[in-house]
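The structure under discussion appears below in the form of C-alpha cells.
Number of protein chains: 2
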Amino acid sequence: MKKIVTIGGGTGSYTVLRGLKNYDDIEISAIVSMADDGGSTGVLRDELGVLPPGDVRQCLLALSLHGDTVRKLMGYRFEEGTLKGHTFGNILLAGLEKTAGSFVKGVEIASDILKIRGRVIPVTEDIACLVITLEDGTQVFGENNINHSDIQAVGVKKVSFKESVRINEHAKLVILEADLIVLGPGNFYCSLMPNLIVDGFKEAIKESKAKIVLPINLTNKKGHTLFFDASDYLNEIETILDKKVDYIFCNNELPSDEQVEMYKMEEGDGVMVLNDLLSDERLISVSVLSHEIVEQNKSDKVASARSYIRHDSTKIAEAIHNLL
Amino acid sequence: MKKIVTIGGGTGSYTVLRGLKNYDDIEISAIVSMADDGGSTGVLRDELGVLPPGDVRQCLLALSLHGDTVRKLMGYRFEEGTLKGHTFGNILLAGLEKTAGSFVKGVEIASDILKIRGRVIPVTEDIACLVITLEDGTQVFGENNINHSDIQAVGVKKVSFKESVRINEHAKLVILEADLIVLGPGNFYCSLMPNLIVDGFKEAIKESKAKIVLPINLTNKKGHTLFFDASDYLNEIETILDKKVDYIFCNNELPSDEQVEMYKMEEGDGVMVLNDLLSDERLISVSVLSHEIVEQNKSDKVASARSYIRHDSTKIAEAIHNLL
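Listed in order, the protein sequences are those of chains A and B.
In short: position in the first sequence from 1, add 405, done, that's my numbering.
In short: position in the second sequence from 1, add 405, done, that's my numbering.
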C-alpha cells in the first residue's frame, strides 16, 4: 500500500480527499491546519478553549464512508436559538475533545464514528494564532482576520505564529513514512502556510523520502495572491521548506468565458493563467477543472464566486494517483 | 428470537436496557415517552421546534455497543459559552431531526452511528404536552412542571395530553409482534404514564398476545406516589390499559438501613415496602436491588437520593429474561 499525505485544511483538501477515498490501494493521511479561528470554530475556540474543529471536520467528512444523511448532519448549521450559527460537526469535535481528554484522541473517535477511510491528523496540538507581518512592520493577527484583510497592498514580509507551535508527533511520523506528499491546493496564507511554518514541519519534510507534488491553485485570492504566477507559489513554498518539490500540477483546461465572468463579478481578476514554468521539467499539465454546477451560497458571496472555478475531485485524485 | 418491548423513558428504562443488551437471543425494542420538556431537552424543544431528545438519548446510550468514550460524549453537558447546559446527545438528535427530515428517521441514523443493539422507538411523533388534572379541577401543564409539583396533596383526577397524541406506527407494530412487554420501572406520572395514554396505545396492548410484566418501583416519589402500595400501581395501570398484566415483579431484598437513611434525608419516606399483593399468583419475588455505589450528582439532590436505592441492571434483566 502506497502512503499519501495531504497538507492543507479547507475546501482544497476536502476536494482532493473526497477523490482519493475511492482508491483502495493507498493509505491516506490528511494533515490539517489548526489556525482556523472564524465562524462557529472561532466561537468554540473562544468559549470552550478547544482546538479549532472546522478544517478537521471537513476532512473527516471528505473521507467518511457514511451516507448522505450523516454528511449533511456533520455540515449542518443550526439556524435558531442558542445553537444558532454552530455547525454540528464542530460541536461533535468540541464535545469529543472535552470527553476524550485531547483533540487528537477526539479526532480518532470521530473517525471511528464517521467510518472514515484513512486518518485525519491535526498538524499541531498547540494553540495556533496565525500572524502576518507586513513589509511596513504592521502585524495582522488571527486567520479569519487575515483572510478578510488586504495584505497584498503593503506586501507580506513574514508568516508566523504568535507563540511557537510544535508539530504533532503523529503528523511527523506520517510525513516520514509517506510515498507522496500533496501540498494543497487551497488558500495559500490561510490553509497551506499554517502547516508549513509549524516548528518541525520542514525538518520532517526534509528527512522524508516522499515525492512532493504541488497542485497550483486555479485562482488567485484578491488581497492575498492576486496576479501570482505558478512560479510565485512555487518559489515561496520552496523557500519556506528549503526543499524542491518533485512535481507541479498546472491545470490545462481553461474555464469557460461564463465561468470567468461569474467569478470576476464577485472575486475580481483572480483566475490563474498558466504563463510560466512551461519549461520546468517537473511541470505536469493536467485537466482538473470541475464542470459540476454548485448550489450557490447566498450568505457567502466570495465562497460562491470561488465555487465557479474549482477542482474536480475525481480528476485531481486520478492525477495524484498516477504519480505513484 | 424472542421479542421484548420496554415501555418507559428515564433512568428505569436505561437500567433495564443496559442489562438486556447483553442477551444475544432476544430482539429489543425500547418505546420511549415523548413528553419530556425540562433542561436541555426543553430548551431544544422551544428553540428549534424539535421533538424531545432526552429520553431517547438515554435509551440509545443504554443499548450502544460503543466504548466508554462515546457513552461519555453522549451524556456530556457543555459547561461554558453558548452551548452551556446542553447535552451533546440531545444536540445530536436535534441536528439529526433537522437533517434527516423527521425525528424517527433521525433516531434510526443515531442508532446506526451509535451501533445499538435493538431499536429505540418514540411512542409518538406528535408534540406531546403532558397535563395533570387534579381533583379540584386545577390543571398542571408540562412534564417538567408536573415532575416538580406536589400533585398528590389534592389528588390526581386525570392524566392526559393538551392536544391529542397518536401512537407512532412503528411502536404499534412492535407491541403487536412482542413476546414480552415490560412496563417500567420508572417515574410513574412522568415516564410510564405518558406512554400508556397515547391514542392507540392501549388498543395495541389489548390486541397484542405478548405477556406483560410490571416491575414495581423500589421507591415512591414524594408529591406523586408517596405511600403507594404495589397494588396502587397495579390498579392504576390495569385501569388505564383495561387489561390485566401477567407478572408482577416485587423486589424482595430490603435496602440497608444506611441506604434508607441516606434516601430519607433527601427524598423522605418513599422507600417501597412490599406489604400487599402477597397472595396474588402473578407476583414474582425477585432480588433486583443494586449495591453499586453511584457517584453523587451535587447539582441534583433528588436524583442523588434516588440513586441510593435503585435497580441492578444485570439482576432485573435476568429476571425479565427468565420469563421467556
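The beta carbon of each residue, even a glycine, is placed where N, CA and C say it ideally should be.
The beta carbon of B/Pro599 lies closer than 6 Å to those of Ser438, Ala440, Leu535 in the same chain, with the five residues before and after it left out. A/Lys648 and A/Ile642 have their C-alpha atoms roughly 9 Å apart. Per the coordinates, the alpha-carbon of B/Phe632 lies some 12 Å from the alpha-carbon of B/Leu623. Here B/Asp541 has Val559 as same chain residues with Cβ atoms under 6 Å from its own Cβ, once five neighbours each way along the sequence are excluded. For the 8 Å CB-CB criterion, B/Ala576 and B/Ile431 do not form a contact.
Contact of A/Glu502 with chain B by beta-carbon distance below 9 Å is absent, the smallest such distance being about 10 Å.
By the neighbour-count definition (other C-beta atoms within 10 Å, threshold 16), A/Lys614 is an exposed residue.
Counting along the chain, the unbroken beta strand (DSSP E) around A/Phe654 starts and ends at 652-656. Neighbourhood of A/Gly486 in chain B, by CB distance below 8 Å: Val448, Leu449, Asp451, Glu452, Leu453, in chain order.
For B/Phe508, no CB of chain A lies under 8 Å from its own CB, so it is not counted at the interface with that chain. With fewer than 16 other beta carbons inside 10 angstroms of its own, B/Lys520 counts as exposed.
Judged by DSSP secondary structure, A/Ala467 falls within the alpha helix (DSSP H) whose first and last residues are 459-468.
In this structure, the CA atom of B/Glu568 is about 12 Å from the CA atom of B/Phe546. In terms of Cβ geometry, A/Leu585 and A/Lys477 do not form a close pair [threshold 8 Å]. Unbroken beta strand (DSSP E) runs of no fewer than 3 residues, entirely contained in the stretch 589-626 of chain B, are found at 616-620, following chain order. Within the DSSP secondary-structure output, B/Lys407 pairs in a beta bridge with B/Ile431.
Secondary structure of A/Gly547 (DSSP, three-state): coil.
For A/Phe606, the CB contacts under 6 Å within the same chain, skipping 5 residues up- and downstream, are Ile572 in chain order. Counting along the chain, the unbroken beta strand (DSSP E) around A/Lys562 starts and ends at 561-566. Unbroken beta strand (DSSP E) stretches of 3 residues or longer found wholly inside the stretch 626-651 of chain A: none. At least 8 Å separates the beta-carbon of B/Ile689 from that of B/Tyr638.
Contact between the stretch 417-431 of chain B and the stretch 439-455 of chain B is absent: fewer than three C-beta pairs spanning the two stretches fall below 8 Å. Put simply, the CB of B/Lys614 is far from chain A, with every gap to its CB atoms at 8 Å or more. In the DSSP assignment, A/Ile537 falls within the beta strand (DSSP E) that extends over 535-539.
With contacts defined as CB atoms closer than 8 Å, B/Asp460 and B/Gly414 qualify as a contacting pair.
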